[in-house]
Structure formats: C-alpha cells, structure tokens
Amino acid sequence: MSPVDLREPRYQEGLAVAAALDLYNDGSHPELAPDALLVAAGTVGEIVQVGHHVAENLPIYMVDFAGRRVVGCLEEEISPWRQPPPP
23 MSPVDLREPR YQEGLAVAAA LDLYNDGSHP ELAPDALLVA AGTVGEIVQV
73 GHHVAENLPI YMVDFAGRRV VGCLEEEISP WRQPPPP
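Going by the numbering used here, the sequence shown wraps up at 109, each residue one higher than the last.
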C-alpha cells in the first residue's frame with residue numbers, strides 16, 4: 023500500500039470531541055480490568071495525536087478525555103463537540 027492509498031483522517035489534532043458511545047477497555051489499558059468502562063458516552067476530550075492503523079487502513083485518534091485518560095479511538099467512536107448555547 024502506498025502513502026497515496028492511506029485513508030485520510032476526518033479530524034485533526036486539537037479538536038474538541040465527545041465520546042459517541044461508551045468506550046470499554048479492549049486490553050490496551052493493562053492497569054484496568056478487561057471490559058472496564060474507560061469513558062462514558064458524552065465525555066468531552068481533545069484529540070492530542072492522530073495516527074494510522076496500517077493493516078486496517080484506519081485513522082486512530084488519541085483522545086485525552088478531561089485530563090483523566092488518553093484513549094485510542096476510531097472515527098465512529100467520537101464526534102466533534104460543540105459547546106452548548108448559554109441558557
């Protein structure tokens with residue numbers, strides 16, 4: 023696969039995002055139990071790095087959720103966050 027074939031990421035570093043669904047430990051956080059809840063749906067975070075899973079040709083987003091935990095996310099697991107309007 024050449025670099026031209028790489029799927030371009032939809033989101034960029036620095037973007038505020040929210041978890042689109044509950045995110046559970048897939049084993050990438052060894053200090054937590056398997057299948058432990060990492061981040062609840064709606065939790066806001068910031069993309070701190072954008073990588074790429076070469077074998078699957080997918081962008082991977084490292085998201086710092088409220089300074090509590092950095093989680094690797096797929097595009098369908100996050101969505102851009104828009105600050106709610108003032109009351």
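Don't be surprised by glycine CBs; every beta carbon is placed ideally from N, CA and C.
- Per DSSP, reduced to three states, the secondary structure at Glu68 is strand.
- Within a 10 Å sphere around the beta-carbon of Leu43 sit fewer than 16 other beta-carbons, which makes this residue exposed.
- The Cβ-Cβ distance between Ile69 and Glu35 falls below 8 Å.
- Inter-residue distance for Ala88 and Val66 is about 6 Å (C-alpha atoms, whole angstroms).
- Apart from sequence neighbours up to five positions away, the residues of its chain that approach His75 with a beta-carbon distance below 7 Å are Ile82, ordered along the chain.
- Straight through space, the alpha carbons of Arg29 and Ala77 are spaced by roughly 12 Å.
- Excluding residues up to 5 positions away in sequence, Asn79 lie with their Cβ nearer than 8 Å to the Cβ of Asp27 in the same chain.
- The distance from the Cβ of Leu60 to that of Tyr46 is about 6 Å, consistent with a contact at the 8 Å cut-off.
- The C-beta of Ala55 has fewer than 16 other C-beta atoms within 10 Å across all chains shown, which makes the residue exposed.
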